[in-house]
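Trainee: This is the structure I have questions about; it appears just below.
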Amino acid sequence: MANFVLQVPITLRSFTVSASSNSNGAPPGGSGSGCGGGGGPVLLELPLDKIRRPLMRTRANDQKKVEELMDSIAEIGLQVPIDVLEVDGVYYGFSGCHRYEAHQRLGLPTIRCKIRRGTKETLRHHLR
Ligand code: ADP
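Position 95, counted from 1, in the sequence shown is what this note's numbering calls 95; the numbers after and before it change by one each time, with no gaps.
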């Protein structure tokens with residue numbers, strides 16, 4: 001499967017997913033799509049402040065790990081995107097806590113995400 005990465009300018013506050021690939025070749029449902037839950041993952045650079053982190057797990061991060069990641073990300077960039085759930089146009093992050101904090105502490109405006117679309121039920125499941 002091929003994926004495309006869309007670079008989002010720092011100043012851009014409103015954006016849409018414009019490219020992706022999934023098993024049937026159909027678009028993930030950009031603006032105007034009424035379908036929920038379908039399509040494969042999309043790789044996209046998201047502004048850090050667009051990702052809600054309801055579990056606030058950043059507090060429990062291993063600071064040594066974060067600092068090692070900061071050094072590595074500064075040198076070679078993020079090699080593995082963080083997983084993000086999109087529900088009704090809102091992005092939620094439940095993992096990738098060390099990579100997220102490393103980006104925050106490096107002052108990077110965006111982070112590369114692997115975005116899967118889900119329903120409110122998927123979200124409730126993550127929040128349990
Ligand atoms: P996180 O809470 O972000 O998942 P972990 O320490 O559990 O933190 O895992 C770090 C992850 O970051 C690993 O999956 C590793 O492959 C990935 N990674 C992505 N980019 C880098 C990088 N530049 N240097 C080191 N690890 C990286």
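Note that beta-carbon positions come from the ideal geometry of N, C-alpha and C, so glycine has one too.
If I measure Cβ to Cβ from residue 73 and keep anything under 6 Å in the same chain, skipping five residues before and after, which residues do I get?
Mentor: Numbered from its first residue, the sequence shown carries residue 73 at position 73. Answer for residue 73: 102, listed in chain order.
Trainee: I need the boundaries of the beta strand (DSSP E) containing residue 62, first residue and last residue.
Mentor: On the sequence shown, residue 62 is found 62 positions in, with the first residue counted as 1. From DSSP, residue 62 is part of no beta strand (DSSP E); its letter is neither H nor E.
Trainee: Could you give the first and the last residue of the continuous alpha helix (DSSP H) run that contains residue 149?
Mentor: Since the first residue of the chain shown is 1 and the last is 128, residue 149 is not available in this structure.
Trainee: Spatial neighbours of residue 48 within its chain, please: C-beta separation below 8 Å, excluding the five flanking residues on both sides.
Mentor: Here residue 48 refers to the residue found at position 48 of the sequence shown. Excluding positions up to five away in sequence, the list reads 100, 103, 104, 108, 109, 110, 111.
Trainee: Exposed or buried, residue 124, counting other C-beta atoms within 10 Å across all chains shown (16 or more means buried)?
Mentor: As a first step, residue 124 is located in the sequence shown; it is residue number 124 there, counting from the start. Exposed, because fewer than 16 other Cβ atoms sit within 10 Å of the Cβ of residue 124.
Trainee: Please go through the same chain and pick out, in chain order, the residues whose beta-carbon is closer than 7 Å to the beta-carbon of residue 81, but skip the five residues on each side of it.
Mentor: Within the sequence shown, the letter at position 81 stands for residue 81. Excluding residues within five positions, the ones whose Cβ falls inside 7 Å are 43, 112, 113, 114.
Trainee: Grouping DSSP H, G and I as helix and E and B as strand, with all else coil, what is residue 49?
Mentor: As a working mapping, residue 49 is identified with position 49 in the sequence shown. Helix, per DSSP.
Trainee: Got a sec: does the ligand ADP put a non-hydrogen atom nearer than 7 Å to the Cβ of residue 65?
Mentor: Counting from one through the sequence shown, the residue named residue 65 turns up at place 65. Yes.
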